[in-house]
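Line order of the protein sequences matches chains G and P.
Take the first sequence: its position 24, counting from 1, is numbered 30 in the numbering used here, and each next residue is one higher.
Take the second sequence: its position 75, counting from 1, is numbered 988 in the numbering used here, and each next residue is one higher.
Think of the CB as a built atom: it goes at the ideal place given N, C-alpha and C, for glycine as much as any other residue.
This structure is a prediction, so every number in the text was calculated from the model and none was measured.
So the structure is just underneath, and the comments pick up after that.
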Amino acid sequence: MLRHILGELFAKGRRPMLKPGDPAPEFELQDHLGRLVRLSGLRGKRVVLWFYPKADTPG
Amino acid sequence: MILGISFDSVEENRAFAEKFGYPFPLLSDPDRKVGIAYKAAEGPKERYAKRFTYVIGPDGKIEQAIDTKDPAGQASALLPTL
Chain G
7 MLRHILGELF AKGRRPMLKP GDPAPEFELQ DHLGRLVRLS GLRGKRVVLW
57 FYPKADTPG
Chain P
914 MILGISFDSV EENRAFAEKF GYPFPLLSDP DRKVGIAYKA AEGPKERYAK
964 RFTYVIGPDG KIEQAIDTKD PAGQASALLP TL
């Protein structure tokens with residue numbers, strides 16, 4: 007019970023994200039050299055997708 | 914593999930990659946479509962992407978979702994997966 011309540015409290019502060027098991031939405035974007043990168047072209051590999059706020063900001 | 918992604922232009926990302934010598938691609942999502950699909954932006958006018966990191970499995974499904982602003986979701990949690 008206590009664990010459940012604590013879990014709910016912590017969940018409130020969390021920002022919504024996709025969840026483990028969800029299909030990763032397909033994308034096709036240009037990289038910094040202008041090359042097209044398509045997620046489905048990387049099937050079979052583990053991909054870490056790192057969103058960052060702005061080029062050249064710390065963190 | 915690692916893919917960085919932001920709402921910057923290709924040119925801004927190129928300068929960023931060159932400055933820091935990042936060995937992985939930095940993707941440009943200027944219309945925030947991908948950011949919205951991954952909940953890292955709430956709309957096309959959002960200025961910056963949220964600091965979210967996803968690990969996508971070889972099957973194309975999300976394996977891990979990490980909010981790196983959340984102290985419980987430090988990037989170090991990623992290390993064992995790489």
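For residue i, which three-state DSSP category applies?
i: Ser922 of chain P; result: coil
i: Lys946 of chain P; result: helix
i: Glu976 of chain P; result: strand
i: Pro933 of chain P; result: Here residue 933 of chain P turns out to be Phe, not Pro, going by the sequence shown. Looking at Phe933 of chain P - three-state DSSP - the assignment turns out to be helix.
i: Gly47 of chain G; result: helix
i: Leu39 of chain G; result: coil
i: Leu24 of chain G; result: coil
i: Gly65 of chain G; result: With a pLDDT of only 49 at Gly65 of chain G, under 50, the local geometry of the prediction cannot be trusted, and the value read off the model is given with reservation. Note: Gly65 of chain G maps to coil in three-state DSSP.
Does chain G have any CB closer than 8 Å to the CB of residue i?
i: Lys974 of chain P; result: yes
i: Pro971 of chain P; result: yes
i: Lys958 of chain P; result: no
i: Pro938 of chain P; result: yes
i: Arg927 of chain P; result: yes
i: Gly934 of chain P; result: no
Output yes if chain P places a C-beta closer than 8 Å to the C-beta of residue i; else output no.
i: Gly47 of chain G; result: no
Measure the alpha-carbon distance for residue i versus residue j and round it to whole angstroms.
i: Lys932 of chain P; j: Glu925 of chain P; result: 11 Å
i: Ala930 of chain P; j: Arg9 of chain G; result: 44 Å
i: Tyr967 of chain P; j: Glu34 of chain G; result: 16 Å
i: Gly934 of chain P; j: Ala928 of chain P; result: 10 Å
i: Gly47 of chain G; j: Asp921 of chain P; result: 23 Å
i: Val923 of chain P; j: Tyr961 of chain P; result: 15 Å
i: Lys963 of chain P; j: Phe937 of chain P; result: 20 Å
i: Leu39 of chain G; j: Ala953 of chain P; result: 23 Å
i: Gly65 of chain G; j: Ile918 of chain P; result: With a pLDDT of 49 at Gly65 of chain G, under the threshold of 50, the modelled position of that residue is not reliable, and no figure is offered here.
i: Thr981 of chain P; j: Leu42 of chain G; result: 27 Å
i: Arg52 of chain G; j: Met914 of chain P; result: 6 Å
i: Asp972 of chain P; j: Ala30 of chain G; result: 9 Å
So residue i contacts chain G; which residues on that side make the cut at Cβ distance below 8 Å?
i: Arg964 of chain P; result: Phe57, Tyr58, Pro59, Gly65
Name the chain P residues whose beta carbon is nearer than 9 Å to that of residue i?
i: Arg78 of chain G; result: The question about residue 78 of chain G has no answer here: the residues shown for chain G are numbered 7 through 65.
i: Leu8 of chain G; result: Chain P residues near Leu8 of chain G: none, gap ~18 Å exceeds 9 Å.
Determine the chain G residues that contact residue i at a beta-carbon separation under 7 Å, and present them in chain order.
i: Asp944 of chain P; result: Simply none; closest approach about 10 Å.
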